[in-house]
Amino acid sequence: MEQIFYPLLYQLNYKRICRYVLEENTRSQRLYEKIGFKREGSLGCCYFKDGKYQNAYLYFIINGIEKIGVDNMNRTTDLRIENVSFYYPDGKCANKNINLEINRGEIFGLLGPNGAGKTTLMKQIIGTLISSKGEIYVSGFNVRKEWNKIKPLVGYQSQFLYGLNELKVKEILYYTGLLKGLSAKEAKAQTNYLIDFFGMESFKDELIFNLSGGMRKITNFCLSIINNPRILLLDEPTTGIDPDKKQKIWEFLHQKTKEKEMTIFITSHNINEMEKFLDRVAIIINGEIKFVGTPTELKKRVNFEYILTIKGKIENDIVERYGLISTKKDLYEINLKNLKDVQKILNIILDTEIDKIEDIKIESTTLEDAFIQFNNKYGYA
């Protein structure tokens, strides 16, 4: 029977199946565990849960890869937050009943107004704050009980770089690498690589004390990635950083997640900056998660898809009749549901006010627009 199916494998399924079954990597091992067999004898042969010994190739052809959930398995959960809450000693609730799953290789954004509980949740994940209830798992390890196993896997960039002011930039990077388990050779190589990649050559010998805010920020970011952590937590990572270095940060993060080498959990007020990189987002308001989904799914939740901006002197009756909002002198905006509505308003205004129009701009709804509208729903203007 195998002789019959092998030609089909080579023609139809060889590359696809070998990617999951034959390669000796962690993905294959998860696959073995998923369908419940242990490897025996020749490559690709196995014992299944029912005790049968057969060729794995035939198993996949007969049952289909999708049926055993290979695609879902590729999205291995790196961070799982289960019904987590945190209360301060005075009884104030910082967050309540948080449930999130963040998958391997994702860039996951946590959005929320100031004081919503974003930073508190990050501190719970890294173990500096102990959750009042619920559990957090990092790569399967319990933060409360197995923190020593988690420490080498996690990188964290706080909003500020504290202490160690008497060290030079290259020194703090090198020593942090050693503290995070790198050998002296590895720490030196990684320090030199980060200094070169992020353009820090001009201030690598400066004391931390003498750095500008932007220089401190990029140094702090490099500290969080010095050992190439499996999971990276970033709290406002690009605030105050020069545009060229912001671009480098996103280039680095995108490449690491693309290669499935790193999972990113990020919070930032620079929403439009990170929109194109985010796989999924969550919105936290008053310590509770109100939304989890893709940026596209969030944008579909708002009541408009387009923003029409008109510059010029528009008659008041036109402004009032069609709900134009004056944002500045002679500058008006209107939110519209679809392109038909955009065309309708444009035709009316151009027919009656064309001599008074200086400029017209049509933009699609951004993630920030959707976030603001979502906040308005809960009373956060």
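Using this note's numbering, the letters of the sequence shown map in sequence onto residues 86 to 466.
Beta carbons: idealized from backbone N, C-alpha and C, even for Gly.
Given the structure is predicted, the values throughout are model-derived calculations rather than measurements.
If you count every other CB in all the chains shown that lies within 10 Å of the CB of residue i, and 16 or more means buried, which is it?
i      : result
Asn305 : buried
Asn180 : buried
Pro237 : exposed
Asp454 : buried
Gly262 : buried
Ile221 : buried
Gln340 : exposed
Glu108 : Any reading at Glu108 needs caution, since the residue's pLDDT is 36, under 50, leaving its predicted position unreliable; the model's value is listed next. Exposed, because fewer than 16 other Cβ atoms sit within 10 Å of the Cβ of Glu108.
Leu264 : exposed
Lys462 : exposed
Pro380 : buried
Gly489 : Only positions 86 to 466 of the chain appear in this structure, which leaves residue 489 out of reach.
Glu382 : exposed
Measure the alpha-carbon distance for residue i versus residue j and round it to whole angstroms.
i      : j      : result
Ser449 : Phe362 : 17 Å
Leu296 : Leu317 : 24 Å
Ser309 : Leu246 : 11 Å
Ser287 : Ile280 : 9 Å
Tyr241 : Thr348 : 12 Å
Glu373 : Gln209 : 15 Å
Thr44  : Ile447 : Nothing can be reported for residue 44, as the shown portion of the chain is limited to 86 through 466.
Ile395 : Arg386 : 25 Å
Asn233 : Gly266 : 12 Å
Glu321 : Thr204 : 10 Å
Thr342 : Lys429 : 43 Å
Glu336 : Ile433 : 44 Å
Ile378 : Tyr278 : The sequence given here places Gly at residue 378; Ile does not occur at that position. Straight-line Cα distance between these residues: approximately 35 Å.
Thr162 : Asn168 : 16 Å
Val239 : Pro314 : 5 Å
Asp444 : Gln458 : 26 Å
Gly212 : Cys307 : 21 Å
Asn371 : Ala201 : 5 Å
Glu344 : Asn199 : 33 Å
Val254 : Glu291 : 6 Å
Leu338 : Lys425 : 38 Å
Considering only the alpha carbon of each residue, which of the options lies closest to residue i?
i      : options                           : result
Asn312 : Ile326, Lys331, Asn461 and Glu346 : Glu346
His354 : Val169, Leu195, Gly176 and Lys331 : Leu195
Gly284 : Phe245, Lys331, Ala179 and Leu263 : Lys331
Glu256 : Ser268, Gln244, Ile334 and Lys273 : Lys273
Glu251 : Phe294, Lys333 and Ile303         : Phe294
Phe193 : Ala269, Lys413, Phe171 and Glu360 : Glu360
Ile303 : Ala269, Glu418, Ser243 and Glu191 : Ser243
Lys422 : Glu390, Gly299 and Arg365         : Glu390
Phe456 : Lys375, Asp415, Thr412 and Ile166 : Lys375
Ala367 : Glu191, Ile235 and Phe171         : Glu191
Flag residue i as yes when its Cβ comes closer than 8 Å to any non-hydrogen atom of the ligand GDP, and as no otherwise.
i      : result
Ile326 : Within the structure as shown, the ligand GDP is missing, as the structure has no ligands at all.
Which residue or residues does DSSP assign as beta-bridge partners of residue i?
i      : result
Cys178 : Tyr172
Ser224 : None, per the DSSP bridge assignment.
Gly197 : For Gly197, which the question treats as bridged, DSSP gives no partner whatsoever.
Thr352 : Asp320
Lys218 : Ser170
Would a check of beta-carbon distances place residue i closer than 9 Å to chain C?
i      : result
Phe350 : No chain C appears in the structure shown, which is made up of a single protein chain.
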